[in-house]
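K.L.:
Okay, handing you the structure first.
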Amino acid sequence: MITHNQPTDFASEQEVRWCPGCGDYAILAQVKKMLSDMPLLREEQVFLSGIGCASRMPNYL
Numbered sequence: 001m002i003t004h005n006q007p008t009d010f011a012s013e014q015e016v017r018w019c020p021g022c023g024d025y026a027i028l029a030q031v032k033k034m035l036s037d038m039p040l041l042r043e044e045q046v047f048l049s050g051i052g053c054a055s056r057m058p059n060y061l
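Mapped onto the working numbering, the consecutive letters of the sequence shown carry residue numbers 1 to 61.
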């Protein structure tokens, strides 16, 4: 099934808690864009993360 998601479809109500100027903001923006470009429903996508500050990323999607 082809869907047309928007990056805003992957927004979360969670407050982003990274340091000002952190590169994770840019990575999060690109991940949202990449996920919206995939021809899958949001419910069909899985996102995993590592440890440290990047481990918060799934909470922001």
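Glycine is no exception: its CB is placed at the ideal position from the N, C-alpha and C atoms.
No experiment lies behind these values; they were computed from the predicted model shown.
Quick check: Glu54 and Asp9, are their CB atoms within less than 8 Å of each other?
P.N.:
This sequence places Ala at residue 54; Glu is not what is there. No; because the gap between Cβ atoms is not below 8 Å, this pair is not in contact.
K.L.:
Let me make sure I understand the geometry here. Which of Gly21, Leu35, Asp37 and Val16 has the alpha-carbon closest to that of Tyr60?
P.N.:
Looking at the Cα atoms, Val16 is the closest of the given residues.
K.L.:
Here's a check: name, in chain order, each residue in its chain whose Cβ is nearer than 8 Å to the Cβ of Pro58, leaving out the five neighbours to either side.
P.N.:
Within the same chain, Pro58 has close Cβ partners Phe47, Leu48 and Ser49.
K.L.:
Is Lys32 buried or exposed, if buried means 16 or more other CB atoms sit within 10 Å of its CB?
P.N.:
Counting Cβ neighbours within 10 Å, Lys32 comes out buried, since at least 16 surround it.
K.L.:
Judging by CA-CA distance, which residue of Gly52, Leu40, Ser36 and Ile51 is the nearest neighbour of Ala11?
P.N.:
The shortest Cα separation from Ala11 among Gly52, Leu40, Ser36 and Ile51 belongs to Ser36.
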